[in-house]
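Right, one structure below, let's go through it.
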Amino acid sequence: MVSLTAPYVSGFLAFREVPFLADAVRRLQAKEPGLMPQVILVDGNGVLHHRGFGVACHLGVLTGLPCIGVAKKLLHVDGLENNALHKEKLSGPRMEHSLSRSLLS
9 MVSLTAPYVS GFLAFREVPF LADAVRRLQA KEPGLMPQVI LVDGNGVLHH RGFGVACHLG
69 VLTGLPCIGV AKKLLHVDGL ENNALHKEKL SGPRMEHSLS RSLLS
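If you count the sequence shown from 1, you need to add 8 to reach this note's numbering.
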């Protein structure tokens, strides 16, 4: 069990949860290296994060393992929105790191 002290802030999940996830991967590597995964599925976005670098990306960089974001909500894909409110949020100020259509094909 992990006690999180940082509050949840939408769009910044990685800063709250990745240190604990990376620590769990390091402990597994130290204790049972034969059980290290070849890839990690992460409950959250990766490159489809609206800033282009979600919790899955953060964990992958820190662990050196490929990580795939498996999110419950669509945050951002160029040209794709799930409703008008989502489209409005995407058109607001944001960093221009997004997944291009060419990567989706």
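Beta carbons: idealized from backbone N, C-alpha and C, even for Gly.
Cβ distance (whole Å) where residue i is taken to contact residue j below 8 Å
| i | j | result |
| --- | --- | --- |
| V50 | F28 | Not quite, the Cβ-Cβ distance comes to about 12 Å (not below 8 Å), so this is no contact. |
| C75 | G54 | 7 Å |
| H66 | V26 | 5 Å |
| L73 | V47 | 7 Å |
Assigned exposure category for residue i - 16 Cβ within 10 Å defines buried
| i | result |
| --- | --- |
| L12 | exposed |
| L43 | exposed |
| A22 | buried |
| A64 | buried |
| G52 | buried |
Helix, strand or coil at residue i according to DSSP, with G and I counted as helix
| i | result |
| --- | --- |
| V50 | strand |
| G19 | coil |
| V10 | coil |
Start and end residues, beta strand (DSSP E) containing residue i
| i | result |
| --- | --- |
| G68 | Looking at the DSSP string, G68 is not in any beta strand (DSSP E); the run it does join, the alpha helix (DSSP H), is V63 to T71. |
| G77 | C75 to G77 |
Interface flag, residue i vs chain C, CB-CB below 8 Å
| i | result |
| --- | --- |
| V17 | You won't find chain C in this structure, because it holds only one protein chain. |
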